[in-house]
Amino acid sequence: MKSTLHNEAFAPDGSLNPGWRHILGSLQQLGAAALLERDQKAKRILRDDGATYNVYSGNTSAGRVWELDLVPAVITSDDWSNIEAGLLERAELFNLILKDCYGPRELVRSGVLPPELLFAHRGFLRACQGISLPGEHQLIIHAVDMVRGPNGAFTVLTDRTQAPSGAGYALENRTVMSRVLPSLFRDSHVQRLAHFFQRLRIKLASLAPHQDEPRVVVLTPGAYNETFFEHAFLANYLGYPLVQSGDLMVNNGFVWMKSLEGLTRVDVILRRTDDWYCDPLELKGDSQLGIPGILEVARLGRVAIANPMGAGVLENPALLKYLPQISRQLLGREPRLASVRTYWCGEANDLDFVLAHLPELVIKAIYRGGEFRTQMGAELTRDQLTALARMINAEPARFVAQEMLQASSMPVLLSGEFAARPAVLRSFAVASDSGYAVMPGGLTRTGREAGARVITNQTGSLNKDTWVVARAAPTERAASAAADVRPLAAAHMGSLPSRVVENLFWFGRYAERAEAVLRLLRAVFVLLDGADVLTTNCRHTLLRAVSHVTTCYPGFCSDKAELLANPEDELLDVILDGARFGSLRSSLDAMLVCAEETKELMSSDTLRIINDIRDGITQLETSMHAGLAAAPEEALDPLVTTLLALSGLLHESMIRGVGWRFLQLGRRLERALQTTTLVNSLLGSALPDEDEAVLLQTMLLTLEVLITYRRRYRGRLEVVHGLELVLIDTSNPRSLLFQLEQLQKLVDELPPIGITSRELLGEQRAILDALTRLRLSRLVDLAAVDAQRQRNTLLTTLNEQRTLLQALGSLLSDKYFDHRAGPQQLVPASREGE
Amino acid sequence: MRYHITHTTHYQYAAPVGRCYNLAHTAPRDTERQTCLHSRIHLKPDAGFSNERLDYFGNRVFYFAIPDSHRELTITAESELLMHPQPTALALDFGTSCQEALQQMRYSRLPDVLLAREYLLNSPMIRPFEALRAYAQSSFSPERPLLAAVRELSARIYQDFKYDPGFTNLTTPLEQVLEHKRGVCQDFAHLAIACLRALGYPARYVSGYLETLPPPGQPKMIGADASHAWFAVYSPGEGWFEFDPTNNQIPAGQHIVTAWGRDYSDVTPLSGVIFGGGDSHQLSVGVTVARLSESRTS
Numbered sequence: 002m003k004s005t006l007h008n009e010a011f012a013p014d015g016s017l018n019p020g021w022r023h024i025l026g027s028l029q030q031l032g033a034a035a036l037l038e039r040d041q042k043a044k045r046i047l048r049d050d051g052a053t054y055n056v057y058s059g060n061t062s063a064g065r066v067w068e069l070d071l072v073p074a075v076i077t078s079d080d081w082s083n084i085e086a087g088l089l090e091r092a093e094l095f096n097l098i099l100k101d102c103y104g105p106r107e108l109v110r111s112g113v114l115p116p117e118l119l120f121a122h123r124g125f126l127r128a129c130q131g132i133s134l135p136g137e138h139q140l141i142i143h144a145v146d147m148v149r150g151p152n153g154a155f156t157v158l159t160d161r162t163q164a165p166s167g168a169g170y171a172l173e174n175r176t177v178m179s180r181v182l183p184s185l186f187r188d189s190h191v192q193r194l195a196h197f198f199q200r201l202r203i204k205l206a207s208l209a210p211h212q213d214e215p216r217v218v219v220l221t222p223g224a225y226n227e228t229f230f231e232h233a234f235l236a237n238y239l240g241y242p243l244v245q246s247g248d249l250m251v252n253n254g255f256v257w258m259k260s261l262e263g264l265t266r267v268d269v270i271l272r273r274t275d276d277w278y279c280d281p282l283e284l285k286g287d288s289q290l291g292i293p294g295i296l297e298v299a300r301l302g303r304v305a306i307a308n309p310m311g312a313g314v315l316e317n318p319a320l321l322k323y324l325p326q327i328s329r330q331l332l333g334r335e336p337r338l339a340s341v342r343t344y345w346c347g348e349a350n351d352l353d354f355v356l357a358h359l360p361e362l363v364i365k366a367i368y369r370g371g372e373f374r375t376q377m378g379a380e381l382t383r384d385q386l387t388a389l390a391r392m393i394n395a396e397p398a399r400f401v402a403q404e405m406l407q408a409s410s411m412p413v414l415l416s417g418e419f420a421a422r423p424a425v426l427r428s429f430a431v432a433s434d435s436g437y438a439v440m441p442g443g444l445t446r447t448g449r450e451a452g453a454r455v456i457t458n459q460t461g462s463l464n465k466d467t468w469v470v471a472r473a474a475p476t477e478r479a480a481s482a483a484a485d486v487r488p489l490a491a492a493h494m495g496s497l498p499s500r501v502v503e504n505l506f507w508f509g510r511y512a513e514r515a516e517a518v519l520r521l522l523r524a525v526f527v528l529l530d531g532a533d534v535l536t537t538n539c540r541h542t543l544l545r546a547v548s549h550v551t552t553c554y555p556g557f558c559s560d561k562a563e564l565l566a567n568p569e570d571e572l573l574d575v576i577l578d579g580a581r582f583g584s585l586r587s588s589l590d591a592m593l594v595c596a597e598e599t600k601e602l603m604s605s606d607t608l609r610i611i612n613d614i615r616d617g618i619t620q621l622e623t624s625m626h627a628g629l630a631a632a633p634e635e636a637l638d639p640l641v642t643t644l645l646a647l648s649g650l651l652h653e654s655m656i657r658g659v660g661w662r663f664l665q666l667g668r669r670l671e672r673a674l675q676t677t678t679l680v681n682s683l684l685g686s687a688l689p690d691e692d693e694a695v696l697l698q699t700m701l702l703t704l705e706v707l708i709t710y711r712r713r714y715r716g717r718l719e720v721v722h723g724l725e726l727v728l729i730d731t732s733n734p735r736s737l738l739f740q741l742e743q744l745q746k747l748v749d750e751l752p753p754i755g756i757t758s759r760e761l762l763g764e765q766r767a768i769l770d771a772l773t774r775l776r777l778s779r780l781v782d783l784a785a786v787d788a789q790r791q792r793n794t795l796l797t798t799l800n801e802q803r804t805l806l807q808a809l810g811s812l813l814s815d816k817y818f819d820h821r822a823g824p825q826q827l828v829p830a831s832r833e834g835e
Numbered sequence: 012m013r014y015h016i017t018h019t020t021h022y023q024y025a026a027p028v029g030r031c032y033n034l035a036h037t038a039p040r041d042t043e044r045q046t047c048l049h050s051r052i053h054l055k056p057d058a059g060f061s062n063e064r065l066d067y068f069g070n071r072v073f074y075f076a077i078p079d080s081h082r083e084l085t086i087t088a089e090s091e092l093l094m095h096p097q098p099t100a101l102a103l104d105f106g107t108s109c110q111e112a113l114q115q116m117r118y119s120r121l122p123d124v125l126l127a128r129e130y131l132l133n134s135p136m137i138r139p140f141e142a143l144r145a146y147a148q149s150s151f152s153p154e155r156p157l158l159a160a161v162r163e164l165s166a167r168i169y170q171d172f173k174y175d176p177g178f179t180n181l182t183t184p185l186e187q188v189l190e191h192k193r194g195v196c197q198d199f200a201h202l203a204i205a206c207l208r209a210l211g212y213p214a215r216y217v218s219g220y221l222e223t224l225p226p227p228g229q230p231k232m233i234g235a236d237a238s239h240a241w242f243a244v245y246s247p248g249e250g251w252f253e254f255d256p257t258n259n260q261i262p263a264g265q266h267i268v269t270a271w272g273r274d275y276s277d278v279t280p281l282s283g284v285i286f287g288g289g290d291s292h293q294l295s296v297g298v299t300v301a302r303l304s305e306s307r308t309s
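Those sequence lines, one after another, are chains A and B. The first sequence: position 622 = 623 (the working numbering), numbered continuously. The second sequence: position 272 = 283 (the working numbering), numbered continuously.
Dropping the structure here:
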């Protein structure tokens with residue numbers, strides 16, 4: 002474990018430092034096999050929790066699973082109290098700078114800060130002048146990235162004030178560690194994280210313009226943001242609804258959440274969307290992540306946004322150069338916590354120095370959101386250095402350079418072996434009434450390589466839980482690890498954003514659609530490859546049913562002889578081609594997208610099954626890559642099983658709230674529609690008895706009632722019996738009538754909107770109509786064949802059912818979901834001088 | 012002198028607008044030269060919520076949102092204001108020289124000078140470039156008083172450029188304006204500001220109105236039937252001074268200021284976000300600035 006770099010775990014004489022001794026000793030004692038097993042367990046929990054960090058790239062469907070190292074980062078509580086004092090002071094200082102930037106700007110007036118440093122920074126949002134949160138502090142959350150030097154002291158690399166991420170990941174790390182290494186955790190007397198989040202909750206509530214039962218929401222840019230997992234996780238843990246910009250609107254001078262019950266006023270927003278994107282009226286005009294007018298409401302003090310809009314101005318790394326002077330002016334003393342030595346190229350002397358020492362420095366843009374990526378001078382070629390110098394010379398004020406710090410290393414466990422890696426600690430402070438409260442520890446990330454200079458989640462890093470450990474047993478004992486990570490409040494189940502409900506509805510529909518396609522394909526594959534040779538008519542009817550059920554038209558309905566004779570390519574296509582609407586792949590993808598949008602409502606068991614579906618898709622692609630193998634139906638089996646498990650789980654383990662009802666509505670509606678399509682396409686036209694028997698059998702197999710049928714009717718395959726079982730037998734949970742009855746129940750239980758009356762609602766009418774028509778239909782009529790060899794009554798009856806069911810779907814959607822298109826800028830506005 | 016200003020903006024949309032959110036910079040701010048007596052905005056349809064405040068630059072901004080579906084929107088801003096008598100012609104041939112101004116901008120620690128440095132920087136619609144500097148340079152010899160140099164720059168723009176509403180639009184870059192020497196008052200103001208910033212002098216954009224019908228015997232000015240724009244330059248130790256390159260004038264009694272900022276984007280008379288509205292709309296703007304008889308009260 003020795004290396005030339007400083008290693009935090011060891012004293013200069015090579016002995017283990019206190020704090021580390023016990024922990025490393027215990028881990029080593031466990032032995033390689035046990036460590037590996039614990040590591041596997043940790044990975045499983047993280048994956049099941051859906052812990053991901055989405056790396057920006059073309060592929061949006063999968064995030065990178067959060068990687069957690071079993072070796073915690075250890076800091077003794079003596080050491081920590083020093084660090085904490087520095088962090089508290091720094092948070093106070095940054096709060097004062099923020100107030101000054103959007104207030105009197107004394108720092109500029111008095112010449113402490115060069116005007117350009119403030120005025121030219123893109124994070125300085127002039128529209129945010131005049132925003133004032135209640136209480137002493139404007140900066141609610143302050144995060145800091147820091148590294149330890151060889152002397153053991155921490156140096157700050159960066160301050161994060163825009164929408165600092167990582168606190169939720171720290172909590173997830175803690176959750177996993179306390180489950181994977183429970184006794185080590187218990188014996189180490191680790192300081193708890195829960196207090197930090199309690200302070201955050203109290204602070205957020207205190208920001209509300211009115212104090213009785215304030216509504217707090219977490220605003221996320223959406224499921225494809227790199228830290229979306231954390232947004233969902235935090236929202237759940239803190240008990241707040243997770244909303245996207247489309248879930249909120251400004252009306253009548255307030256901010257409202259669109260929920261099923263209508264509009265609910267929002268008092269406080271924990272903001273995870275960068276401020277610049279938040280209001281297309283006053284900030285980024287073409288932003289699709291914004292809520293027009295929200296800045297006006299914030300300035301009026303009718304909604305509190307934390308961190309406040311405009312706080313990104315503090316992320317200017319050039320500030321670090323002036324921090325000692327600022328601290329002297331604002332606090333009357335030097336800062337306790339050192340910052341990395343920083344040169345701002347907007348100053349002539351600094352520019353000269355930087356250009357002369359480029360290979361030794363780290364070059365950053367003053368604004369984080371731009372195109373320029375931080376560069377390490379030492380890693381650049383001569384040509385690259387020249388290009389960089391040219392870029393700096395063109396706009397010097399846009400760049401800072403910082404001394405290259407070698408972070409000290411700490412032990413990590415890599416494939417069962419201990420190694421040493423450089424580490425960065427992100428700490429978090431939250432404002433409270435009297436001052437700030439710092440999370441004990443924070444999020445530690447270690448580099449991939451022993452000498453790694455850049456350690457970020459975008460470039461890939463290993464994460465550690467950070468343990469602030471008492472040398473002796475702490476006075477306040479952590480009751481149990483579990484208590485530390487238990488959610489702080491029950492989620493607001495009552496008022497879900499409409500978007501979430503809509504996604505649950507579609508989640509149900511796509512899941513059912515995928516299942517229907519899978520089942521039919523499975524049955525068709527068995528028959529096509531079966532021992533009995535099918536007649537051409539029968540074969541074509543089966544293939545056409547595939548096109549009808551998937552809606553992948555024209556497909557086999559084109560009646561191209563070539564296609565019908567060699568159906569393999571088309572069959573593969575309706576399974577694998579995600580770009581084709583209605584294909585198995587496209588339904589599964591759509592279902593997964595809906596799952597992402599509703600992640601915060603899914604239990605970890607459900608998330609595990611969703612992961613299995615993801616794996617199932619990959620496996621299917623691999624196994625069908627080279628074409629249809631022998632017995633392709635077997636490749637479909639695992640997915641059918643997984644979807645069944647999902648359906649069972651959602652039925653068994655989801656709270657019967659509004660969300661569940663919409664999910665079930667989606668399922669029932671889709672299943673009913675699928676059944677009508679299947680029956681019509683298989684039995685709509687009458688064929689000779691032998692063929693009809695095959696088609697009937699396919700229908701029964703697909704609808705999972707073949708065994709019931711055989712038991713009940715002793716193998717005599719007759720259409721009239723088949724129709725009874727799949728259409729009107731309510732003891733069969735897959736029959737059409739069963740779906741309709743369930744739909745009726747679900748519709749009746751939906752929350753009323755607007756004025757209630759004794760008259761039936763539109764959706765109640767639609768379902769009652771469908772139910773009555775089906776109940777009044779006679780089996781003999783349905784099975785009857787007319788002169789053109791058609792089952793006309795069957796076709797008409799089921800088509801009526803389809804129309805009514807589709808009407809029901811539209812009614813629900815119009816009434817409960819939000820259909821407003823996104824905003825557009827009113828351009829060109831009037832131009833002056835015309 | 013008292014003036015009555017009516018500024019009407021009418022939008023007609025291709026499809027209904029479900030909701031809209033807007034900001035208007037149409038109420039004149041108070042300056043040394045003018046006092047706004049009252050100002051109000053009429054909306055059709057009615058606003059669900061509206062609020063007036065002062066923005067970062069001290070301008071009056073009117074926020075309003077219309078919550079109900081509409082196909083047409085009419086915004087009528089009416090103001091009445093008092094113009095104070097101005098001292099006769101400014102003496103521009105004395106005072107801070109170009110060289111002194113540059114020195115002070117660089118080294119002075121006076122708060123006003125430090126704050127004025129904000130107006131040296133690039134702004135959303137103005138990024139100076141070398142050709143502009145080259146164009147402006149000849150007027151700014153080191154010993155010359157800055158304001159005299161700026162007056163010459165303004166006069167040169169007036170002479171060299173053709174007022175041509177058909178040539179440019181809101182997004183025409185300054186490079187094209189300079190190349191073709193055509194544009195409208197907004198372009199000329201932006202161009203002058205860019206020249207000044209390129210040379211190291213702080214400059215800001217001023218938006219306002221001109222009297223529609225001039226006093227007898229005076230020609231009607233360009234830009235009098237719409238909102239107008241010009242610029243101001245900062246001379247260290249002396250303050251801000253306005254110039255109108257479109258009319259080759261030093262704004263005085265007939266130039267009514269509404270708002271100022273770094274460029275047009277800070278003071279857009281009317282901006283907004285709409286939901287719906289289809290993909291096109293028709294816009295008409297009308298401005299009337301009328302002198303009121305001295306005896307009349309509002």
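For glycine and all other residues, C-beta sits at the position ideal for the given N, C-alpha and C. What you are looking at is a predicted structure, and each value in this text was computed from that prediction instead of being measured.
Exercise. Residues in its own chain within less than 8 Å of A/L809 by CB, not counting five upstream and five downstream?
Worked result: L670, L744, V748, E764, A767, I768 and A771
Exercise. Does the ligand GTP have even one heavy atom less than 6 Å from the beta-carbon of A/L282?
Worked result: Ligands are entirely absent from the displayed structure, and the ligand GTP is therefore not among its contents.
Problem set entry | At least 3 beta-carbon pairs within less than 8 Å: the stretch 261-278 of chain A vs the stretch 167-174 of chain A | no
Problem set entry | With 16 other Cβ atoms within 10 Å as the buried cut-off, status of A/F120 | buried
Exercise. Is the CB-CB distance between A/R697 and A/L718 below 7 Å?
Worked result: The sequence shown places Leu at residue 697 of chain A, not Arg. Taking 7 Å as the Cβ cut-off, A/L697 and A/L718 qualify as a contacting pair.
Exercise. Going by alpha carbons, who is nearest to A/P753 out of A/R715, A/V727 and A/V659?
Worked result: A/V659
Exercise. At least one CB of chain A closer than 7 Å to the CB of B/V284: is that the case?
Worked result: yes
Exercise. What runs of the beta strand (DSSP E), each 3 residues or longer, lie entirely inside the stretch 289-357 of chain A?
Worked result: 305-307 and 343-345
Exercise. So with Cβ pairs under 7 Å, would you call A/G311 a contact of chain B?
Worked result: no
Exercise. Is A/N96 helix, strand or coil by DSSP?
Worked result: helix
Exercise. Grouping DSSP H, G and I as helix and E and B as strand, with all else coil, what is B/A263?
Worked result: coil
For this session: Just grab the DSSP bridge partners of A/R272 for me.
Result: A/L220
For this session: Measure the CB-CB distance between A/Y241 and A/L114 and report whether it falls below 7 Å.
Result: no
Exercise. What did DSSP end up calling A/F508 once you bin it into helix, strand or coil?
Worked result: helix
For this session: With distances taken Cα to Cα, identify the nearest neighbour of A/G628 among A/L331, A/S496, A/R449 and A/E569.
Result: A/E569
Exercise. Shortest alpha-carbon distance to A/I292 belongs to which of A/S246, A/M258 and A/T265?
Worked result: A/S246
Problem set entry | Cα-Cα separation, A/L356 to A/P318 | 18 Å
Exercise. Is the beta carbon of A/A643 less than 7 Å from the beta carbon of A/H549?
Worked result: For the sequence presented, residue 643 of chain A should be read as Thr rather than Ala. Taking 7 Å as the Cβ cut-off, A/T643 and A/H549 do not qualify as a contacting pair.
Problem set entry | Selected residue, minimal CA-CA separation from B/R44, among B/E83, B/H36, B/M94 and B/T20 | B/M94
Problem set entry | Buried versus exposed call for A/P633 [16 or more other C-beta atoms within 10 Å across all chains shown] | buried
Problem set entry | Which listed residue (A/Y437, A/L31 and A/L36) has its alpha carbon closest to that of A/L140 | A/Y437
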